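**Q**
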Amino acid sequence: MGRALLTLSLTLSLSLPFSSRAFDGGEFIKTPAGQATVGITAYTVLSGLTIVSQGESAIVERLGKFNRRLGPGISYVVPFVERVRFRESMRERILDIPPQPCITADNAPLMADAVVFFRILNLEQLVYAVDNLQDAVANIVLTQIRAEIGKLTLDDTFSNREALNRVLLQGINAIAQGWGILVTRIEVRDIQPSKEIQSSMELQMAAERKKRAA
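Quick note: the sequence shown, position 164, residue 224 per the numbering used here, numbers continuous.
#1: Quick check: the segment 147–162 against the segment 225–235, are there 3 or more CB pairs under 8 angstroms?
#2: Please identify the residue among 130, 216 and 139 whose C-alpha is closest to the C-alpha of residue 103.
#3: Going by Cα to Cα distance, which pick from 185, 169 and 132 is closest to residue 238?
#4: Beta-carbon separation of residue 246 and residue 168 under 8 angstroms?
#5: Skipping 5 residues on each side, what residues in its chain have a beta carbon closer than 8 angstroms to that of residue 143?
#6: Report the CB separation of residue 182 from residue 115 in whole angstroms; it is logged as a contact under 8 angstroms.
#7: Determine the direct distance from the alpha carbon of residue 170 to that of residue 161, and round the result to whole angstroms.
#8: List the endpoints of the continuous beta strand (DSSP E) containing residue 231.
#9: Quick one: give me the first and last residue of the alpha helix (DSSP H) that residue 208 is part of.
#10: For residue 176 versus residue 205, is the C-beta spacing smaller than 8 angstroms?
#11: Can residue 212 and residue 164 be called in contact, C-beta distance under 8 angstroms?
#12: Do residue 214 and residue 253 come within 8 angstroms of each other at the CB atom, strictly closer than that value?
#13: So which of 155, 216, 133 and 218 has the shortest CA-CA distance to residue 195?
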């Protein structure tokens, strides 16, 4: 807050370079030009006040270069010299990954979808490392799901779901840490084999039931 007050004082002194002469005797302030000067100065100074809500963070640039990060509360951004470049929620968020075609190690085609939980750890790193966060996370999750399912047989994709989730989490975080985010959890929700494979599986289960009943 002390830094903000100092900046505010400097802004006021720069905005009124002729104050010692202009307001002599209080005459200038009564003129239309004086009133306009006071109004413009007050507007300029007040426009630098910035409020960041709880759970959010903001990045301030000075003359186009990163300067500081703003936390929740009221801060001052010097008009014309600084600007709030980016403002984002630091709360955990959820991203749904729609069903995607995958092929297992035993060449069984299937569709798999997932849900991803992640949050921002380093806002500065995020702003300058990746352009579109949602697309970046979605694409890396899709790539990892296809790669990991491609290492498993069809039976393993059903029986080793928890192990698959752990491997996906480790692989995705190895890349996501460079973007300033942390993936806290990923869940492969639904795995649907092709209709031909489902029919074959149903026939196989029916044959096994008949065999046990005999």
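Each residue gets a CB set at the ideal place from its N, CA and C atoms; glycine is no exception. Bear in mind that the values here come from a model prediction, so they are computed numbers and not experimental data.
**A** Walking through what the data contain:
#1: With the cut-off at 8 angstroms, the segment 147–162 and the segment 225–235 do not touch.
#2: Taking the Cα of residue 103 as reference, the smallest distance to any Cα among 130, 216 and 139 is reached at 139.
#3: Here the closest residue by C-alpha is 185.
#4: Residue 168 is positioned such that its CB atom lies no closer than 8 angstroms to that of residue 246.
#5: Hits under 8 angstroms: 120, 121 and 137.
#6: About 16 angstroms separates the Cβ atoms of residue 182 and residue 115, ruling out a contact at the 8 angstroms cut-off.
#7: Answer to the nearest angstrom: the Cα atoms are 6 angstroms apart.
#8: In the DSSP assignment, residue 231 falls outside any beta strand (DSSP E) and within the unbroken alpha helix (DSSP H) covering 221–236.
#9: Bounds of the alpha helix (DSSP H) holding residue 208 are 193–209.
#10: With respect to residue 205, residue 176 sits apart: the two C-beta atoms are not nearer than 8 angstroms.
#11: Yes, they are a contact pair.
#12: Going by C-beta atoms, residue 253 is nearer than 8 angstroms to residue 214.
#13: Considering only alpha carbons, the answer is 155.
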